[in-house]
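Visitor: For the sequence shown, this note's numbering gives the first residue as 1205, with consecutive numbering after it. Even for Gly, the Cβ is constructed at its ideal location relative to N, Cα and C. Here's a structure for you.
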Amino acid sequence: MTTNKTQNGLSIELEKAVSEAVIVLKEIIEQDSKLNKNIPVEFLKSANPKEAVKQFKNYQDRHKIFNPELVWEYSSIGNHYQALIFNEEETITVSVCPNYYIPWALRNATHPREHDFVVVDDYIVRVSDVMDVINEYLNDIRIREAIVNHTIIRYHLSKIPQEETELHLPTEIQIQRDFDHWRLKRGLATIDSYNEYLQANGLTHQKVEMQIIDNRKQGNFLESLCHSPIEDYYSEHKNEFIRYKMESYIAQSAEEAKELSEFLQTNPDGLCNWSRKQFLAAAENFQNNYQLNTCRHYQLDAEVAEMLAANPNTGLLPPIEMNGKLTFVNILEITPSSLDQQTESIIRQRQITEWINEKKKTCSIQWLWGDKDIFPNQNIQEV
């Protein structure tokens, strides 16, 4: 092809294509801003670019010789569009950015994806969101599982229609109750201590309130998932909610196990006395191997649960070997299961967990840190 050259070395056709690319990109940005102005920042990354593609199609048809393509990225620091113009052995990139956004070339210091942490299907959780999750579940050693579960819930909540979303909005009573719980959990009993906490953690009252409302909306959404009647679930799993008050002692050696067995023959309720005796006679490095607690049947160790299922009576159980050591268990009290408020709460949480686990079987999980691997179908692997 023989073409005339302009003063800047570009062919007339190419210079025209570049000039028109600037015009069409400005039009795309203007239209895009109108379409997405009401979309929350966290959802912009999944906004639909079909209108931009449609606007760019006419430009492509006019300059087929250069095979122009439109590329885009949505981010929390500004939507970005570029035109790629292919000219023989080189590619020309044309980019337009409004002054209130950061131009793409200046974003290298902090790439927008560096603010992202994990993608479950097409829902992205940012690092700042993860900090909130960690704060909430700091005592849970399964932090990674908590983050994935949080993202799955948020993803499905984001997919329901607007009119259904409004059904999950919290009431004033729920907001106040959750806010009171939030303050008490952090020991913020006075206005001064609350304000000091906000200042020390870079928070505002509005931000805390928004977080509490958002969490309660999530809680209401989860409760709405529990469609099966609690009574039916309870009837099917009734024995799992039997409550036990029990004490146990782990013998540290075969010699101690033999002495304790002989002691219990005449003192069947003497585990506590035995532990006290060991404490009084021990040196500074005494290990407290005695425990007194209450639990439900489903929380018991398998061996203990099997024994009590076969013979649900109070009293001393036969010694059980666990991790190479003999454990002595004494059942002090057995309370039949009942569908009280605590049991109802446990059943609700079970139903929610079952729902989350079902969703995990079909979703893909992409960690945006480490090796940035993609794990389909619930493969939550180390990265």
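Return the residue from the list 1387, 1444, 1369, 1428 that minimises the CA-CA distance to residue 1541.
Guide: As a first step, residue 1541 is located in the sequence shown; it is residue number 337 there, counting from the start. Checking every option, the nearest Cα to that of residue 1541 belongs to 1444.
Visitor: Using DSSP with H/G/I as helix, E/B as strand and the rest coil, what is residue 1569?
Guide: Taking the sequence shown and counting its residues from 1, one reaches residue 1569 at position 365. DSSP places residue 1569 in strand when its eight states are reduced to three.
Visitor: Do residue 1452 and residue 1371 have their CB atoms nearer than 9 Å?
Guide: The residue given as residue 1452 occupies position 248 in the sequence shown. The residue given as residue 1371 occupies position 167 in the sequence shown. Contact flag unset, no.
Visitor: Since residue 1512 is in the alpha helix (DSSP H), which residue starts that stretch and which ends it?
Guide: Against the sequence shown, residue 1512 aligns to sequence position 308. Start and end: 1506-1514.
Visitor: Could you have a look at residue 1430 and say whether DSSP puts it in helix, strand or coil?
Guide: Here residue 1430 corresponds to residue number 226 of the sequence shown, with the count starting at 1. Residue 1430 falls in the coil class under three-state DSSP.
Visitor: I'd like to check one pair, residue 1446 with residue 1375: are the Cβ atoms closer than 9 Å?
Guide: Reading the sequence shown from its first residue, position 171 is the one you call residue 1375. Reading the sequence shown from its first residue, position 242 is the one you call residue 1446. Against a cut-off of 9 Å, the Cβ pair of residue 1446 and residue 1375 comes out as no contact.
Visitor: Classify residue 1274: buried if its beta carbon has 16 or more other beta carbons within 10 angstroms, exposed otherwise.
Guide: On the sequence shown, position 70 is the one that residue 1274 refers to. The residue in question, residue 1274, is buried, as its Cβ has 16 or more Cβ neighbours within 10 Å.
Visitor: In three-state DSSP terms, what is residue 1541?
Guide: Numbered from 1 along the sequence shown, position 337 holds the residue referred to as residue 1541. Reduced to three states, the DSSP call for residue 1541 is coil.
Visitor: Using a Cβ-Cβ cutoff of less than 6 Å, which residues in the same chain neighbour residue 1369 once the five nearest sequence positions on both sides are dropped?
Guide: Locating residue 1369 in the sequence shown gives position 165, counting from the first residue. Excluding positions up to five away in sequence, the list is empty.
Visitor: In terms of alpha-carbon separation, which member of 1515, 1326, 1237 lies closest to residue 1302?
Guide: Position 98 of the sequence shown, counted from the first residue, corresponds to residue 1302. Minimum Cα distance to residue 1302 is reached at 1237.
Visitor: Answer with buried or exposed for residue 1420, where buried requires no fewer than 16 other C-beta atoms within 10 angstroms of its C-beta.
Guide: Position 216 of the sequence shown, counting from 1, holds the residue named residue 1420. Buried, since its Cβ has 16 or more Cβ neighbours within 10 Å.
Visitor: Can you find at least 3 beta carbon pairs, one from the segment 1526-1538 and one from the segment 1546-1566, that sit closer than 8 Å?
Guide: Taking 8 Å as the limit for Cβ pairs, the verdict is that the segment 1546-1566 does not touch the segment 1526-1538.
Visitor: Taking the C-alpha atoms as reference points, what is the distance between residue 1450 and residue 1458?
Guide: Along the sequence shown, read from residue 1 onward, the residue named residue 1450 stands at position 246. Along the sequence shown, read from residue 1 onward, the residue named residue 1458 stands at position 254. Roughly 23 Å between the two C-alpha positions.
Visitor: Drop a sphere of 10 angstroms on the beta-carbon of residue 1409, count the other beta-carbons inside from all chains shown, and report buried for 16 or more, exposed for fewer.
Guide: If you number the sequence shown from 1, residue 1409 lands on position 205. Result: exposed.
Visitor: Nearest-angstrom Cα distance between residue 1434 and residue 1543?
Guide: Position 230 of the sequence shown, counting from 1, holds the residue named residue 1434. Position 339 of the sequence shown, counting from 1, holds the residue named residue 1543. Taking the straight line joining both Cα atoms gives about 9 Å.
Visitor: For residue 1587, count the other beta carbons within 10 Å of its own beta carbon; 16 or more makes it buried, fewer makes it exposed. Which is it?
Guide: Position 383 of the sequence shown, counted from the first residue, corresponds to residue 1587. Unreliable positioning characterises residue 1587 in this predicted model, as indicated by a pLDDT of 32, which lies under 50. The coordinate reading is nonetheless provided below. By the neighbour-count rule (16 or more Cβ atoms within 10 Å), residue 1587 is not buried but exposed.
Visitor: Give, in chain order, every unbroken run of the alpha helix (DSSP H) that is at least 4 residues long and sits entirely within the segment 1347-1395.
Guide: Runs of the alpha helix (DSSP H) inside the segment 1347-1395: 1347-1363, 1366-1369, 1376-1389.
Visitor: For residue 1537, I'd like the list of residues in its chain whose CB is within less than 6 Å of its CB, leaving aside the five on either flank, ordered along the chain.
Guide: Position 333 of the sequence shown holds residue 1537. Once the five neighbours on either side are set aside, the close Cβ partners of residue 1537 are 1449.
Visitor: Taking the Cβ atom as the reference point for each residue, do residue 1289 and residue 1226 lie within a distance shorter than 9 Å?
Guide: Position 85 of the sequence shown, counted from the first residue, corresponds to residue 1289. Position 22 of the sequence shown, counted from the first residue, corresponds to residue 1226. No.
Visitor: In three-state DSSP terms, what is residue 1557?
Guide: Mapped onto the sequence shown, residue 1557 falls at position 353. The answer is helix: DSSP assigns residue 1557 an H, G or I state.
Visitor: Is the segment 1558-1575 in contact with the segment 1318-1332, if contact means three or more CB pairs nearer than 8 Å?
Guide: The segment 1558-1575 is in contact with the segment 1318-1332.
Visitor: When the Cα of residue 1255 is compared with those of 1285, 1271, 1268, which residue comes out closest?
Guide: Residue 1255 sits at position 51 when you count from the first residue of the sequence shown. Checked all of 1285, 1271, 1268; the closest Cα to residue 1255 is 1285.
Visitor: Give the straight-line distance between the Cα atoms of residue 1313 and residue 1355, rounded to the nearest whole angstrom.
Guide: One-based indexing of the sequence shown puts residue 1313 at position 109. One-based indexing of the sequence shown puts residue 1355 at position 151. Low local confidence applies: a pLDDT of 47 at residue 1313 is under 50, so the model's placement there is unreliable, with the coordinate-based value given in what follows. Answer to the nearest angstrom: the Cα atoms are 27 Å apart.
Visitor: Could you check whether the segment 1393-1407 touches the segment 1349-1366, counting it as contact only if at least three pairs of C-beta atoms, one from each stretch, sit closer than 8 Å?
Guide: Contact between the segment 1393-1407 and the segment 1349-1366 is absent, because fewer than three Cβ pairs lie under 8 Å.
Visitor: Quick check on this structure: which residue in 1464, 1425, 1412 has the alpha carbon closest to the alpha carbon of residue 1336?
Guide: As a first step, residue 1336 is located in the sequence shown; it is residue number 132 there, counting from the start. When each option's Cα is compared against that of residue 1336, the closest is 1412.
Visitor: Classify residue 1218: buried if its beta carbon has 16 or more other beta carbons within 10 angstroms, exposed otherwise.
Guide: Position 14 of the sequence shown holds residue 1218. Residue 1218 should be labelled buried.
Visitor: By the three-class DSSP mapping on this structure, what secondary structure does residue 1455 have?
Guide: Mapped onto the sequence shown, residue 1455 falls at position 251. Of the three classes helix, strand and coil, the one that applies to residue 1455 here is coil, per DSSP.
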